[in-house]
Amino acid sequence: MVAQNKKENILIIGGGFSGIKAAQTLAKYSKYFNITLVSDSDNFRYYPTLFHLATGGDNKFSSIPLSEIFNNTSVKVIIGTADILDRNNKSITLTDKTVLGYDKLLLGLGVITNYFDIEGLEQYSYSIKTEARAKEFNKFLHDYIKNNKAPDSNYVVVGGGPTGIELAAQLPSYIRHLLQTHDIHHKAIHVELIEALPKLLPRLPKDYSKIISHRLNNLGVSLRLASAVTAQTNDSIIINNETVFSKTVIWTAGVTNHPFYNTNNFSMTKHNKVSVDIYLQAEDSIYVMGDNANTPNSGLAQTALHDGYFISKNLIRIAKNETPLSYKPKKIITIIPVGKHWAAVLVNKIKLYGLTGAALRHMADIEGYHSVLSWRQTIKLLLPNFKKMSGKCPYCDETINNS
Ligand SMILES: Cc1cc2nc3c(=O)[nH]c(=O)nc-3n(C[C@H](O)[C@H](O)[C@H](O)COP(=O)(O)OP(=O)(O)OC[C@H]3O[C@@H](n4cnc5c(N)ncnc54)[C@H](O)[C@@H]3O)c2cc1C
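Using this note's numbering, read the sequence shown as starting at 9 and increasing by one per residue.
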């Protein structure tokens with residue numbers, strides 16, 4: 009047991025799903041712990057709604073200030089970027105040279121975009137991996153239509169995973185909305201979704217992915233499967249040696265682990281995840297969680313929340329002189345929204361589609377927000393914002409033409 013007057017210093021790096029969950033769980037036992045959370049962003053990013061932000065949604069659903077989340081808690085929040093790990097002195101140096109010591113270190117840094125060295129992709133493609141990139145893409149969509157008085161010849165979304173599907177499904181109706189708002193009469197809108205493998209959602213059941221493919225077709229999205237992107241220029245993309253003209257390419261097809269782990273010589277698996285033991289411990293006193301750790305369902309917010317909670321619960325058990333538990337992966341519920349009021353649900357072998365799916369997704373998002381916010385904060389966030397419904401284009405103040 010931790011001596012009563014000697015609290016353990018817990019240093020958490022990363023203010024995402026796993027880091028926040030870990031800090032909040034430990035904060036309930038502040039008699040045992042001093043908790044410091046370091047993040048390079050002062051906002052928590054709720055990734056599941058970034059595709060909405062990219063297609064005209066409200067930023068408040070994708071970005072929640074850490075100050076709001078940790079208001080009235082014992083967690084000390086530092087905005088900074090972790091750089092160097094010193095194992096001997098048990099400390100982390102931030103890029104601004106601040107040195108922070110720890111007794112236990114919890115790492116949940118998330119992943120970064122991987123362009124696989126494909127020529128031109130990093131320079132010319134758009135991404136919705138952060139709120140800044142999603143907003144940049146949204147402004148580009150608007151400006152292109154406003155300046156050219158027509159849509160782009162092709163809108164190309166690369167990556168047949170959940171993010172690519174969710175975004176591609178929203179694009180036809182959003183582009184139509186932008187055209188209508190600016191009084192531009194143009195019928196043809198071409199949205200394509202590109203996937204390198206022969207089916208969408210390669211790891212999920214065939215019939216599930218087939219129904220989603222039909223739904224996308226009905227919404228006006230063309231699919232190009234078994235098609236690899238090999239290069240991009242400022243006005244085209246090369247797919248299977250064919251040149252497709254487009255200034256609007258969105259890359260959602262690849263992520264890789266945070267470079268912090270290779271820079272600091274962690275033991276990595278061949279898939280570039282951090283090797284962890286049954287307690288999610290990478291090394292003595294260093295725990296790794298969420299997208300960074302080599303666990304069966306890594307890469308999902310549900311897993312990241314589960315990991316943060318699991319590690320913290322074990323630290324509390326150890327502080328109480330109880331035996332820590334072994335890690336069990338969380339059972340995953342997949343809910344993919346495909347256009348308005350429609351989502352595809354997969355739980356074990358049960359599959360559901362349509363409006364019921366959309367309702368379940370809505371409930372999952374409420375639970376997602378509530379996993380980091382109190383009920384009062386969650387309700388406040390989800391209450392409709394009548395001020396926003398002003399009927400004006402947010403970029404050029406044109407009155408929206410709903411005729
Ligand atoms: C567009 C998109 C949509 C998604 N939709 C879903 C979905 O619908 N359902 C689902 O389950 N999952 C979804 N995911 C995946 C999910 O968001 C991740 O699995 C989850 O965010 C992982 O949590 P994490 O704590 O590991 O990392 P993150 O939530 O990414 O948090 C990492 C944190 O570390 C901070 N950070 C990074 N580097 C440093 C540094 N050097 N120093 C300090 N801080 C640093 C970052 O700013 C961030 O705050 C989606 C992901 C994306 C990109």
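The C-beta atom is built at its ideal place from N, Cα and C for all residues, glycine as well.
Since this is a predicted model, take the numbers as computed values, not measurements.
Here Phe41 carries a strand assignment [DSSP, helix/strand/coil].
Between Thr264 and Val119, the beta carbon gap of about 6 Å places them in contact (Cβ cut-off 8 Å).
Between the region 310 to 325 and the region 20 to 40, the count of C-beta pairs closer than 8 Å reaches three or more; the two stretches touch.
Counting only unbroken stretches of 3 or more residues, the beta strand (DSSP E) elements lying wholly within the region 192 to 266 are 199 to 202, 229 to 232, 237 to 240, 244 to 247, 250 to 253, 256 to 259 and 263 to 265, in sequence order.
Straight-line measurement puts the Cα of Tyr132 at about 7 Å from the Cα of Gln240.
Here the C-alpha atom of Ala309 lies approximately 22 Å from the C-alpha atom of Thr89. Here the distance from the Cβ of Asp94 to the nearest heavy atom of ligand 1 is not below 7 Å. Placement of the Cβ of Ile374 at a distance of 7 Å or more from every heavy atom of ligand 1 is found. Proximity to Ser82 across Pro56, Lys338, Ser38 and Tyr123 peaks at Ser38, based on C-alpha coordinates. Residues of the same chain with a CB within less than 7 Å of the CB of Lys137, apart from the 5 flanking positions on each side, are Thr121 in chain order.
Residues Tyr40, Phe41 and Asn42 of the same chain have their beta carbon placed closer than 7 Å to that of Lys15, with the five preceding and five following residues left out of the count. Inter-segment contact for the region 97 to 115 and the region 56 to 66 is absent: fewer than three beta-carbon pairs are separated by less than 8 Å.
Scanning the region 109 to 149 for uninterrupted alpha helix (DSSP H) segments of 4 residues or longer gives 129 to 132, listed from N- to C-terminal end. For Thr101, the enclosing beta strand (DSSP E) stretches over residues Ser99 to Leu102. Counted as a single uninterrupted DSSP element, the beta strand (DSSP E) harbouring Lys359 occupies residues Ile358 to Gly362. Per DSSP, the continuous beta strand (DSSP E) segment holding Lys84 begins and ends at Lys84 to Ile87.
In the DSSP assignment, Arg184 falls within the unbroken alpha helix (DSSP H) covering Pro170 to Thr189. Comparing alpha carbon positions, the residue from Asp111, Ala35 and Leu333 closest to Phe78 is Ala35.
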